[in-house]
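Accompanying notes for the structure given below.
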Amino acid sequence: MWQHLTAAFVAGLCTGPACLMHCGALHLAFMGRCATASARNTAWLGMLVLAGRLAAYLVLGAGIGAVAGSGLPVPAPGLLTLGAAVLLVVYAVLPGRRTQGCTCGRLPRSFAGGALALGVLTGLAPCPPLLVSGVLAFEARGVLGAMLTFTVFFAGSSLCLVPALFGASLVPAPVRARLQRPGRALAMLTGAVTLAWLGWTHSGAAADPAPAAPGPPPAAPGEARAPVPPPAPPTLKPLFAKARLTSRLSADMVRRLKLSLREARYYKKLDGGRVQCQLCPRGCISEEGERGLCRIRANIGGTLRTLTYGLPVSIHADPVEKKPLYHVLPGSTALSMATVGCNSGCVFCQNYEISQASPEDVPRTPVPPERLVAAAVERGDQGIAYTYTEPTVFFEYMLDIATLARKQGLRNYWITCGQIEEAPLVELCKVLDAANVDLKGFSDEFYVSYCDFHLAPVLRTLQILRREGVHTEITNLVIPGANDDPEMVRAMCRWIKAELGPETPLHLSRFHPDYKLTRRPATPAATLQRLRAIAIAEGLKHVYIGNAQVSEGSDTTCPGCGRVLVRRSGYLVVANRVQKGHCPDCGAAVVGIW
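Read left to right, the sequence shown gives residues 977 to 1570 (my numbering).
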């Protein structure tokens, strides 16, 4: 908690200048207008403004803590700033009041109330410091923690506001007595400029914002979106049906095996001591001692437990290109980690030794989230990747690591098959920077036969990632005789373009025989090149070839002029010409994190 509050105070100091630029002019105009001959009265005005700001921060903290990160409705941006500007204009036109020689020590009520109101309005104004403090308050998890976070943030950010508030009280009394006339003019000018700026911004005349990732093109009248393949017939059976373990666990056995008894999230308790996991679309129902199909979430004493929390089986530093994420900080490294477990049963899995294993069968070393994040910081990695197996099944561990990583300025990358329910995915998106989703094929029959699950949840995951603003790239492992049909790939590319946007990066990856699909040949390079040409013809701007030595398909080119922007040799970045997300030659925006 102390580390969190220290971070809030430092954040307040860092964003204090932004707070001064956003609200400091309003405060200075008010104080100049309302300053009296009494230094004490003027100082009290400043203190009332600060009290109003603190009251607003505490109310926000209580509200954010109460909803525990589920989303807090706030006034539209600019509405509270509008109120502060109107308040200044009103005070500018009010008749002046002579307060020299005031011996009672009381402030004029209109001025005192205005000072408090101005503090509340500017405290609630949706400025950059408020956004920063709001994020920190959400991470505090609780009403008291959120209120403390806002209080400490207020202390740090207010250090830049104190000169604007109390400067008037330091001016000599004869000068202060003459401040009301220029103060009235300053208040009117500040209020008028603020009102004009708000009107200009909301009229659409403001400058264009920084380019965002291009969205899907609007459908023409009568034009249908790209069709989704029909569901597989219920009689279709997978090539290999993944079975649940028959052995039962108890709390004592879990302790002897040195596994975790951390309570899982997203589950429902049923009658008779049963529980139903609500993390992924399988919705496994488990009796006492049973595990779900992923093998790492178990019903212990009527509570769903996640057995691998803090118990990774693989930690490596990889180039971000290996994830693959070609449009995320090219040439950087990501500390990549995984626990055992997976909620799918792909017959071609290349990490089956850990993804299809039970946690008690694989050596593991306890690594709490804070130690893993510290290791990434010490190594100089730019991000942490949750990969190798299916990170969804160790959701709680991943979420805690990602939350700490975000505080340390690290990026979070989710490498996934996309089998997750909407509620946990939306929560995860709050700390994700990028994702690579395995779109294994564009046929529900392929998914049922080769992966033992369905296509529709994966498409929904991709749409949610897009909606939540997470940079997303797609990997399609091309398997001969399974999902390499040109028409299937063509339909997949049309769906990607329509639903996610033409600049969504697509990686066509080469299959090699593994796990339970060892008699299938590796994907010919000619097949990958032919499918890449189809994807480009369908309008996708960034199509790559992975796991194969080919002459084309590894470099990033400009979607505008077509010139090479990022040149690669395997996972090595040879040159990167992208400048602030744009092509240096034609100025076209390039989707990604640069």
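In this text, a Cβ means the ideal position worked out from N, Cα and C, and glycines have one as well.
Annotated as distal: residue 1554 and residue 1479, with beta-carbon spacing of 8 Å or more.
With contacts defined as CB atoms closer than 8 Å, residue 1319 and residue 1269 qualify as a contacting pair. Residue 1546 counts as exposed, since fewer than 16 other beta carbons sit within 10 angstroms of its beta carbon. Counting only runs of 3+ residues, the beta strand (DSSP E) found wholly inside the segment 1233 to 1309 occupies 1243 to 1245, 1251 to 1253, 1273 to 1276, 1279 to 1282, 1290 to 1295, in chain order. In the three-state scheme derived from DSSP, where H, G and I count as helix and E and B as strand, residue 1368 is classed as helix.
Secondary-structure assignment with DSSP links residue 1482 through a beta bridge to 1450, 1519. Here the segment 1505 to 1524 lies against the segment 1457 to 1474, with 3 or more beta-carbon pairs under 8 Å apart. In the DSSP annotation of this structure, the continuous segment of the beta strand (DSSP E) that includes residue 1545 starts and ends at 1540 to 1545.
Collapsing the DSSP output to three states places residue 1529 in coil. CA-to-CA, the gap between residue 1475 and residue 1514 works out to about 14 Å. With respect to residue 1282, residue 1358 sits apart: the two C-beta atoms are not nearer than 8 Å. Around residue 1249, the same chain offers 1264, 1278 as residues with beta carbons nearer than 7 Å, after the five sequence neighbours per side are excluded.
Ranking 1206, 1394, 1280 by CA distance to the CA of residue 1439 puts 1394 first.
Put simply, of 1492, 1444, 1289 the residue whose alpha carbon is nearest the alpha carbon of residue 1408 is 1444. Around residue 1462, the same chain offers 1506, 1507, 1510 as residues with beta carbons nearer than 8 Å, after the five sequence neighbours per side are excluded. Relative to residue 1333, the option among 1540, 1314, 1305 whose CA is nearest is 1314.
Residue 1235 is positioned such that its CB atom lies closer than 8 Å to that of residue 1336.
A residue is called buried when at least 16 other Cβ atoms come within 10 angstroms of its Cβ; residue 1449 meets this threshold and is buried. In this structure, residue 1246 keeps its C-beta atom at 8 Å or more from the C-beta atom of residue 1123.
Annotated three-state conformation of residue 1357 is coil, per DSSP. By the neighbour-count definition (other C-beta atoms within 10 Å, threshold 16), residue 1037 is a buried residue. Inclusion of residue 1323 and residue 1426 in the CB contact set at 8 Å is warranted, their separation being smaller than that value.
When DSSP states are grouped into helix, strand and coil, residue 1392 belongs to the strand group. Contact fails between the segment 1360 to 1376 and the segment 1486 to 1494, because fewer than three Cβ pairs, one in each stretch, are under 8 Å apart.
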